[in-house]
Amino acid sequence: MERIPILRMGDFLLVTIQVDMYDQLAMTLQDDLTSLISKTSARGVLIDISSLEMVDSFIGRMLANISSMSRVLDAQTVVVGMQPAVAITLVELGMSLAGVKTALNVEKGMMLLRGSSESWSSGEDSAGD
Numbered sequence: 006m007e008r009i010p011i012l013r014m015g016d017f018l019l020v021t022i023q024v025d026m027y028d029q030l031a032m033t034l035q036d037d038l039t040s041l042i043s044k045t046s047a048r049g050v051l052i053d054i055s056s057l058e059m060v061d062s063f064i065g066r067m068l069a070n071i072s073s074m075s076r077v078l079d080a081q082t083v084v085v086g087m088q089p090a091v092a093i094t095l096v097e098l099g100m101s102l103a104g105v106k107t108a109l110n111v112e113k114g115m116m117l118l119r120g121s122s123e124s125w126s127s128g129e130d131s132a133g134d
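Throughout the sequence shown, residue numbering follows our numbering, covering 6 to 134 in sequence.
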């Protein structure tokens, strides 16, 4: 079974999707990520989708679900590298990805995760971010 590699960098998990996503692969990624968040007590997840040229409603829902599940496990998720065509498709499908943080690139995504992580350590509530 094909799997998307998940790398650990300190308190964060990094996922770079380099292949076309299909439903079973997305479900496997969701299971692998939630398991690793729980095992490693990761504080954040960065998902780089810059290689994805197209998404469907299922993949969009899976990104939203991963973000929600991560939040329940006390980790923030940032999706980075979204192509304009992917953003247009998601909006046209009526998927605003509410609750999913996004950034233009990995560097900005990591800054966002680090900022959120610092808010947690200082006891601030990041729910309004």
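Quick reminder that beta carbons are idealized off the backbone N, C-alpha and C, glycines included.
Cβ-based neighbour list, R66, same chain, cut-off 8 Å, excluding 5 preceding and 5 following:
M100
CA nearest to the CA of E112, picked from G86, A90 and K44:
G86
Is the beta carbon of I42 closer than 7 Å to that of L12?
no
Would you kindly report the start and end of the unbroken alpha helix (DSSP H) that includes R76?
S62 to V77
What are the boundary residues of the beta strand (DSSP E) that M14 is part of?
I11 to M14
Taking 8 Å as the threshold, find out whether the region 93-109 comes into contact with the region 20-31 through three or more Cβ pairs.
no
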